[in-house]
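Student:
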Amino acid sequence: MKFRTDKDDIIKELQLLQGIVEKRNTMPILANILIKTGQDEIELTGTDLEVGLKTKIPATIETPGSITVSGKKTFEIVRSLRENLEICFQVENKNTLLITSGSSEFKLVGLPEEDYPPVEVSAFEKGLAFPLSVFQKMIDRVLFAIAQEQRYYLNGALMVLRKNQIELVSTDGYRLAYVKALIDQLNLEEETRCIVSKKALNELKKFDDSQVSFDLDESNLFFKVGQRVLISRIIEGKFPNYEAVIPTENPNKLVVSREELLQSIRRVALLSSDRTKGVKFKFAKDKITLFSSNPEIGEARDEVSSEYQGEELEIGFNAQYILDFLTITQSEKVFLELKDSKNAALIKPEEEDLNYLYVLMPMNI
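Numbering (my numbering), first residue to last: 331 to 695.
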């Protein structure tokens, strides 16, 4: 194998592959990327067996072939090379990759393609596509509420595709984030539900293009963005019935400045317990009073002006959980709706181009 390409063409793809390849030593070959020549292009592949990425870049092919080499070292080598110089990749002695550019020369020990796990991609025959920027905005609004625990079905976000709309839902058992976008060109005949891994969602945030094509089979999800195809194994398990979790009867309603509430919580949380991050909220007619205390440090109190309709009540929340929501939404004001001090609160932005809501369980303080 021998080919030539420009640094600008290959460096971004190698950087994206850093988030894919396995960094642990469970299977050494998973730390490698597969480099394979095509017609006037090369294909780069990385996988950890759960998430994979195939991408293509233009190249001048002199001798066809393939090899797998360390993804990390290949990226570090290419990144270190001088700008505006062509890079030559050549296989020597079957399992050695020679990388040259200008006066620089590197030799990487590799492994043959036969040892690399197969990474199959979809033909994308269904024609499903939606704006990437909208999907990335949706990802931002649910990513922080994805659980990290042994219940695998909570280690990702539920994606629901219906006719002309997409929904993403995540929960860790203490909170739930839900977002919906209307997609005019998404003409689905049947509803589709699947759980997308947190890693796959994180990687999709790094892509840049106008559209993302989508497909799935019994085991995998496929996202095609330009010349890149992200493959994600579907997380098995039954996602919780999120519709039943969203509270509907909330007589106590609050409207407050997002920025003022965010800053107030940050101040009061400075003296909250390091373990629970608990802050107590007291809702009254025209203000919210926030309290926190830590016997070993001290206590804090702050007030925020608000519009409130309902009975006076006190309720405790994990401060970080509310900050996660207030940080990601850009609405000038937020709505907070409550049934009482013992049931979950419903929080929504006043204005946003997506249908976004957040459900948060109270805590004892």
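Glycine residues also receive a C-beta, built at the ideal position from the N, C-alpha and C atoms.
Can you give the Cα-Cα distance for V542 and V559, rounded to whole angstroms?
Tutor: 9 Å
Student: Provide the residue span of the beta strand (DSSP E) that contains L668, from first to last.
Tutor: Start and end: K663 to L668.
Student: Work out the CA separation of Q650 and G608 for me, nearest whole Å.
Tutor: Cα to Cα, G608 sits roughly 9 Å from Q650.
Student: DSSP state of I397, grouped into three classes?
Tutor: strand
Student: Please report the distance separating the alpha-carbon of P312 from that of K403.
Tutor: Absent from the structure is residue 312, since the part of the chain shown begins at 331 and ends at 695.
Student: Can you grab the Cα-Cα spacing for the pair T430 / T367, in whole Å?
Tutor: Cα-Cα distance, rounded: 17 Å.
Student: Determine the burial state of V598: buried for a count of at least 16 other Cβ atoms within 10 Å of its Cβ, exposed for fewer.
Tutor: buried
Student: Using the Cα positions of E373 and L383, report the straight-line distance between them to the nearest angstrom.
Tutor: 10 Å
Student: Kindly list the residues whose CB is nearer than 6 Å to the CB of L482, restricted to its own chain and excluding five residues on each side of it in sequence; keep chain order.
Tutor: Just to set this straight, residue 482 is Tyr in the shown sequence, not Leu. I565 and G567.
Student: Assess, as a yes-or-no matter, whether the segment 656 to 666 is touched by the segment 573 to 588 under the definition of 3 or more beta carbon pairs within less than 8 Å.
Tutor: Yes, they touch.
Student: Which residues in the same chain as G432 place their Cβ atom closer than 6 Å to its Cβ, once the five residues preceding and following it in sequence are excluded?
Tutor: R412 and L415
Student: Since D338 is in the beta strand (DSSP E), which residue starts that stretch and which ends it?
Tutor: Unbroken run through D338 is the alpha helix (DSSP H), K337 to Q348; no beta strand (DSSP E).
Student: Return the CA-CA distance between L441 and L498, expressed in angstroms with no decimal places.
Tutor: 39 Å
Student: Quick one: what's I391 bridged to in DSSP?
Tutor: F333
Student: My output table needs one value for T657: the three-state DSSP class, helix, strand or coil.
Tutor: helix
Student: Would you please state the rounded distance, in angstroms, between the beta carbons of F621 and L690? I believe it to be under 8 Å.
Tutor: Not confirmed; about 17 Å, so no contact.
Student: Applying the criterion that 16 or more other CB atoms from any shown protein chain within 10 Å of the CB defines a buried residue, is I417 buried or exposed?
Tutor: buried
Student: Do you know how far the Cα of N362 is from the Cα of K353?
Tutor: 10 Å
Student: Taking all protein chains shown into account, decide if K437 is buried (16 or more other Cβ within 10 angstroms of its Cβ) or exposed.
Tutor: exposed
Student: Buried or exposed: D378, going by 16 or more other Cβ atoms within 10 Å of its Cβ?
Tutor: buried
Student: Where S602 and S623 are concerned, what is the direct C-alpha to C-alpha distance, given to the nearest angstrom?
Tutor: Cα-Cα distance, rounded: 5 Å.
Student: Measure from the alpha carbon of P692 to the alpha carbon of each residue in N685, N532 and K610, then state which is nearest.
Tutor: K610
Student: Which word fits I627, buried or exposed, when buried means at least 16 other C-beta atoms lie within 10 angstroms of its C-beta?
Tutor: exposed
Student: Let me make sure I understand the geometry here. Which of S434, E450 and R505 has the alpha-carbon closest to that of I652?
Tutor: R505
Student: May I have a chain-ordered list of the beta strand (DSSP E) segments no shorter than 3 residues that lie completely inside the segment 483 to 556?
Tutor: 486 to 492, 495 to 501, 505 to 512, 522 to 527, 541 to 546 and 550 to 555
Student: For S540, which of Y638, F460, L592 and E642 has the nearest alpha-carbon?
Tutor: F460
Student: If I'm right that S410 touches M331 with Cβ under 8 Å, what's the distance once you round it to whole angstroms?
Tutor: That pair is no contact at about 22 Å.
Student: So, with DSSP's three-state summary, where would you put S433?
Tutor: coil
Student: Quick one: what does DSSP say I564 is sitting in, helix, strand or coil?
Tutor: coil
Student: From S549 to A389, what distance separates their C-alpha atoms?
Tutor: 33 Å
Student: In three-state DSSP terms, what is Q639?
Tutor: Look at Q639 here: in three-state DSSP terms it is strand.
Student: Thinking C-beta only, is K554 closer than 8 Å to N517?
Tutor: No, the Cβ-Cβ distance between N517 and K554 is not below 8 Å.
Student: Is T426 helix, strand or coil by DSSP?
Tutor: strand
Student: Is the separation between the beta-carbon of S594 and that of D654 shorter than 8 Å?
Tutor: no
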